[in-house]
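Working notes, beginning with the structure itself.
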Amino acid sequence: MRGRPGLAPLALGALLALAAQEPVAGRVWAGLGREGEAFPSPRLLDLAAAHAALAVLSALAAAAIGLGLGLLVTRRAGRGLRPAADALAAGAQAVPPVVVVALAFPVLGFGLAPTALALLLYCVMPVLRGTVAAIESVPPATREAAEAMGFTPLQVLREVELPLAWPVILAALRVALVLAVATAAVGALAGAATLGTPIILGLQNRNELHILQGAAATAALALLAEGALLLLAGRARVGRSGASQETAG
Amino acid sequence: MIAFEGVSVVFGGVRALEGVTLSVGRGALCVLVGPSGSGKSTLLRLVNRLVTPSAGVVRVRGEDVAALDPARLRRSIGYAIQSVGLFPHRTVAQNIATVPRLLGWPRARIAARVEELMALLRLDPALAGRLPAALSGGQAQRVGLARALAADPDILLMDEPFGAVDPIIRRGLRAELQRIHRETGKTILLVTHDPGEALELATHLVVLREGRLVAEGAPLALTEPPVHPFLRALLGDGELGLRRLDLLPVGTAAAGAPPPGAPSIAASASLRAALSLMVETRSAALAVLSEEGAPLGAVTLQAILERRA
Ligand SMILES: Nc1ncnc2c1ncn2[C@@H]1O[C@H](COP(=O)(O)OP(=O)(O)O)[C@@H](O)[C@H]1O
Ligand SMILES: [Mg+2]
Numbered sequence: 052m053r054g055r056p057g058l059a060p061l062a063l064g065a066l067l068a069l070a071a072q073e074p075v076a077g078r079v080w081a082g083l084g085r086e087g088e089a090f091p092s093p094r095l096l097d098l099a100a101a102h103a104a105l106a107v108l109s110a111l112a113a114a115a116i117g118l119g120l121g122l123l124v125t126r127r128a129g130r131g132l133r134p135a136a137d138a139l140a141a142g143a144q145a146v147p148p149v150v151v152v153a154l155a156f157p158v159l160g161f162g163l164a165p166t167a168l169a170l171l172l173y174c175v176m177p178v179l180r181g182t183v184a185a186i187e188s189v190p191p192a193t194r195e196a197a198e199a200m201g202f203t204p205l206q207v208l209r210e211v212e213l214p215l216a217w218p219v220i221l222a223a224l225r226v227a228l229v230l231a232v233a234t235a236a237v238g239a240l241a242g243a244a245t246l247g248t249p250i251i252l253g254l255q256n257r258n259e260l261h262i263l264q265g266a267a268a269t270a271a272l273a274l275l276a277e278g279a280l281l282l283l284a285g286r287a288r289v290g291r292s293g294a295s296q297e298t299a300g
Numbered sequence: 650m651i652a653f654e655g656v657s658v659v660f661g662g663v664r665a666l667e668g669v670t671l672s673v674g675r676g677a678l679c680v681l682v683g684p685s686g687s688g689k690s691t692l693l694r695l696v697n698r699l700v701t702p703s704a705g706v707v708r709v710r711g712e713d714v715a716a717l718d719p720a721r722l723r724r725s726i727g728y729a730i731q732s733v734g735l736f737p738h739r740t741v742a743q744n745i746a747t748v749p750r751l752l753g754w755p756r757a758r759i760a761a762r763v764e765e766l767m768a769l770l771r772l773d774p775a776l777a778g779r780l781p782a783a784l785s786g787g788q789a790q791r792v793g794l795a796r797a798l799a800a801d802p803d804i805l806l807m808d809e810p811f812g813a814v815d816p817i818i819r820r821g822l823r824a825e826l827q828r829i830h831r832e833t834g835k836t837i838l839l840v841t842h843d844p845g846e847a848l849e850l851a852t853h854l855v856v857l858r859e860g861r862l863v864a865e866g867a868p869l870a871l872t873e874p875p876v877h878p879f880l881r882a883l884l885g886d887g888e889l890g891l892r893r894l895d896l897l898p899v900g901t902a903a904a905g906a907p908p909p910g911a912p913s914i915a916a917s918a919s920l921r922a923a924l925s926l927m928v929e930t931r932s933a934a935l936a937v938l939s940e941e942g943a944p945l946g947a948v949t950l951q952a953i954l955e956r957r958a
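If you read the protein sequences in the order shown, they are chains A and B. Each number in the working numbering comes from the position in the first sequence (counting from 1) with 51 added on. Each number in the working numbering comes from the position in the second sequence (counting from 1) with 649 added on.
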C-alpha cells in the first residue's frame, strides 16, 4: 500500500456503508434466520449527512481553537499561557462527551447545541497537543538560524515552523475529525439527529438490526473520514516536494 | 565597525557578560577565545541583536543596534554557527539563497550568486537540489558558510563554524576563510575553542574569562613573554613557545652569514619550522633563502630565543 495510504480505510468504510443499507442488512439478517425490520436507507442517509455535518463543524471549531492556542503558547510572548492551556485541554478531554451532553442540555437545550459543545471540547486536546509537539520538534538551531538570517517572527512561523510541523499537525487534525465522527453518535441521547438515532431506536424497540446498522454506519463514516484525510495528506506531500524541486535551481 | 561600550548581559540570575568594552575595526578578523561559558557566544549574538544588553551600548557601523530594525540588521550581517541550523525542508540552493531572497533579489541574480558561492566553497553543483539531510557534516558546514556569505555582508559572525568537521577539512575551511577575509576585507568576529586556530587566524585576539574581557591585542603581542598563567593555559596546551614561533617567519630573524654547509630554509617558513629543522639536523644555524633561492643570511638558535614581536 506504499504511496497510497488511505485506500484501505476508504475500502473498509465503503464496505461497511454498504452493509448498513436496508436491502443488504435486511437480507443478511434474514439469511441468518433473525427477525426484525431493517432501518430504512433514505433515513439512514439523511442521518449520516447530519452526523457528518455535525462532526465536521465541531472538528473544524476544535481545530481552529486547538491550532490557535497551540500557536499562541509556542510564541515567545505566549509561553506563560502554556500551563493554563495544557490544563484546559486535559480537563476538556477528561470529561466524557456523554457527561458534557448531560450537563449542558439543561442550559443549551436538546439537540445539536450540547452535542456540538461536547464534541468540540473532546477534540480540542489532540489538536492542541499535536500542534505544540509539532512546533516544539523544530530544531532550536534551525529556528535560531532563521531568526539570525533576518526572518521576521511571522516569517519564522510561516516559512520554517509551519512547514516543518505540518505533517504532525495534519495527523492531529485527522485524529480530531475521526474522534468527532466516531463520538457524534452520543448526540442521539440529547435528541440530535445522528447515526446514534437508529442505535437508540433499536435499544428502545429491541431491534438489534437497527443497532448494528447504526454502529456500522458510524464506523463507516469514521473510516471514510480517516481515509479521505490520509489521501489528502499524501497528495499535499507530493505537491509540496514537487514545488520545491521546481524552485531548486 | 563594531563597538561594545560597557556592555553587560544578565540571563535570569546569570551574569554572562560584565562591562565589556571592545572596538573591532573595519576589516579585522577578531577571534574570541575563553573557557566554556565565558560569554563568547553572547558577545557575538549582541551584534545582530539575538541578545539584548542589560547595560551598555552595542554599535554596528556607528549605529546603536537597539535603534535598528532587528530583521534588517540581521540581513546585513552573515551568521554561521557550529550547529549550522540549515533549513531541513529546503534544498541546499534554497538554503544558500535565504538572505538574498529576503532582500528581494531578482531570481536570476540569486541563481548566479548561489552557483558562485557553491564554487567558492568547493561544493559539488550536484548538491544544489539535495536536502540538508543528504549532506556530510563538512558539506553542511560549508553550506552554512555559503548561506552566511550569500548577500555579501560586510560583517560576518561565526560561532565555532568549523566545530563539527574533521581536522583535514577544518584546515581547508580555515584557509578558505583566511582567503575570503584577505580578498574581501570583511570584518569577521569568530569564536573558537581551538587555540592554534585562534592564534593563526586572528588579526585581533580577544580573551574572555567569566564574562569579562581580560586581554586583547595582536596574537604576537599577547604571546610575548612573560605570559599571564591564565593565557598560557588557555592558549598554550604546553607549547605556547612553539605556537608563537609559528607566527613568525624566518625572514624576520635572518642576520649575518650562515656557516658553510648549513642546511637551508625558505624565508617564508615559520621559525617553528626552522627550530624543527635545527633539531632534525643537529645544527644551531640555518641558511635563509629567498623564494628565488638567493641567500638572505642566517637564522640561529640564539636569534630564535631572542626574537621579540
Ligand atoms: N539564553 C540563555 N539563557 C540563560 N543563560 C544563558 C543563555 N545564553 C548563555 N547563558 C549563560 O551565559 C553564560 C555565557 O554563555 P556563552 O556566551 O554561551 O558562553 P561561551 O560561548 O563562551 O561558552 C553561561 O553561563 C551560559 O550558561
Ligand atoms: Mg558558545
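Ideal Cβ placement from N, Cα and C applies to all residues, glycine included. Bear in mind the structure is a predicted one, so any value in this text is a computation, not a measurement.
Bridge-paired residues (DSSP) for residue i
i             : result
residue 713/B : 708/B
residue 728/B : 806/B
residue 736/B : Partner(s): none; residue 736/B has no beta bridge.
residue 659/B : 664/B
residue 949/B : 934/B
residue 862/B : 857/B
Span of the alpha helix (DSSP H) around residue i
i             : result
residue 823/B : 816-833
residue 836/B : First-last for residue 836/B: 836-840, but that is the beta strand (DSSP E), not the alpha helix (DSSP H).
residue 127/A : Unbroken run through residue 127/A: none, as it is neither H nor E.
residue 878/B : 878-885
residue 929/B : 920-930
residue 84/A  : Here residue 84/A belongs to no alpha helix (DSSP H), and DSSP marks it neither H nor E.
residue 678/B : Where residue 678/B is concerned, there is no enclosing alpha helix (DSSP H), although the beta strand (DSSP E) it sits in stretches over 678-682.
residue 674/B : That residue, residue 674/B, is in no alpha helix (DSSP H); it is neither H nor E in DSSP.
residue 222/A : 213-234
residue 935/B : No alpha helix (DSSP H) contains residue 935/B, which is instead part of the beta strand (DSSP E) from 934-938.
residue 243/A : Taken as a continuous stretch (DSSP letters only), residue 243/A belongs to no alpha helix (DSSP H), as it is neither H nor E.
Residue i - containing beta strand (DSSP E), residue span
i             : result
residue 853/B : 853-858
residue 132/A : Neither: residue 132/A is in no beta strand (DSSP E) and is coded neither H nor E.
residue 691/B : No beta strand (DSSP E) contains residue 691/B, which is instead part of the alpha helix (DSSP H) from 689-696.
residue 915/B : 913-915
Contact set for residue i: own chain, Cβ-Cβ below 6 Å, skip 5 residues either direction
i             : result
residue 110/A : 174, 227, 228 and 231
residue 261/A : 90, 249, 252 and 253
residue 659/B : 703
residue 68/A  : 271
residue 822/B : 811
residue 275/A : 64
residue 168/A : 155
residue 708/B : 652
Contacts around residue i, its chain only, beta-carbon distance under 8 Å, and the 5 residues preceding and following it disregarded
i             : result
residue 55/A  : 282 and 285
residue 141/A : 176
residue 759/B : 746, 749 and 750
residue 294/A : Note that residue 294/A has pLDDT 43, beneath the 50 cutoff, so the model's placement of it is unreliable and the number below is only indicative. Correct list: empty, nothing qualifies.
residue 189/A : 211, 212, 215 and 216
residue 85/A  : 259 and 260
Residue i versus residue j: straight-line alpha-carbon distance, rounded
i             : j             : result
residue 121/A : residue 195/A : 20 Å
residue 944/B : residue 726/B : 47 Å
residue 773/B : residue 788/B : 9 Å
residue 297/A : residue 104/A : Any reading at residue 297/A needs caution, since the residue's pLDDT is 38, under 50, leaving its predicted position unreliable; the model's value is listed next. Cα to Cα, residue 297/A sits roughly 38 Å from residue 104/A.
residue 785/B : residue 900/B : 41 Å
residue 895/B : residue 921/B : 5 Å
residue 133/A : residue 125/A : 8 Å
residue 888/B : residue 908/B : 29 Å
residue 916/B : residue 824/B : 21 Å
residue 802/B : residue 833/B : 10 Å
residue 153/A : residue 699/B : 52 Å
residue 137/A : residue 799/B : 42 Å
residue 741/B : residue 779/B : 6 Å
residue 199/A : residue 867/B : 29 Å
residue 674/B : residue 692/B : 16 Å
residue 234/A : residue 106/A : 8 Å
residue 877/B : residue 655/B : 24 Å
residue 827/B : residue 679/B : 12 Å
residue 677/B : residue 201/A : 24 Å
Sequence-distant residues of the same chain with beta carbon closer than 7 Å to residue i, five excluded per side
i             : result
residue 123/A : 129 and 132
residue 735/B : 744, 781, 789, 792 and 793
Check: residue i C-beta below 6 Å from any heavy atom of ligand 4
i             : result
residue 725/B : The model on display carries ligand 1 and ligand 2 but not ligand 4.
Short of 7 Å Cβ to Cβ, which residues in the region 209-241 of chain A face chain B? 211, 214 and 215
Along the region 734-758 of chain B, what residues have a CB closer than 8 Å to any CB found in chain A? 734, 735, 736, 737, 738, 739, 740, 742, 743, 747, 748 and 751
Taking Cβ-Cβ distances below 9 Å as the criterion, which residues of the region 669-699 of chain B are in contact with chain A? 694, 697 and 699
Would you list, in chain order, the members of the region 771-800 of chain B that have their beta-carbon closer than 7 Å to a beta-carbon of chain A? 777 and 778
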